[in-house]
């Protein structure tokens, strides 16, 4: 009986830990590591729970990152922001958000606009 109660207690703790997992990015548009034929008009982020976005930047190649905004005022699990007109090239979106559990999370989304110059090249 003692081992059964220990198992139940351990299982309860494991479930409680899973129930309080941190927020994470589930989808983005543009998709990470994608090559697009046309420039996206918006940046769309979808997370597994509502977050408050605290920072969002867009960096073209090696240029200085530029803020994307204005940032949403309310916490949400779906964030959509307009992007400036983008030329062909490589881009990095860097984001930071505060989850409902007060855990700060961040990530990067890399994407390219234009034909993949390495595809089909003979060496």
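Numbering (my numbering), first residue to last: 1080 to 1202. All C-beta atoms in this analysis are idealised placements derived from N, C-alpha and C, irrespective of residue type, glycine included.
State the DSSP-derived secondary structure class of residue i, mapped to helix, strand or coil.
i	result
residue 1125	strand
residue 1110	coil
residue 1183	strand
residue 1176	strand
residue 1168	strand
residue 1157	strand
residue 1139	strand
For residue i, report the span of its beta strand (DSSP E) as first-last.
i	result
residue 1102	Counting along the chain, residue 1102 falls outside any beta strand (DSSP E), and DSSP gives it neither H nor E.
If you count every other CB in all the chains shown that lies within 10 Å of the CB of residue i, and 16 or more means buried, which is it?
i	result
residue 1097	Unreliable positioning characterises residue 1097 in this predicted model, as indicated by a pLDDT of 44, which lies under 50. The coordinate reading is nonetheless provided below. That one is exposed.
residue 1148	exposed
Would you kindly work out how many angstroms separate the C-alpha atoms of residue i and residue j, rounded to a whole number?
i	j	result
residue 1102	residue 1133	14 Å
residue 1116	residue 1109	11 Å
Going by DSSP, name the residue or residues bridged to residue i.
i	result
residue 1192	1115 and 1168
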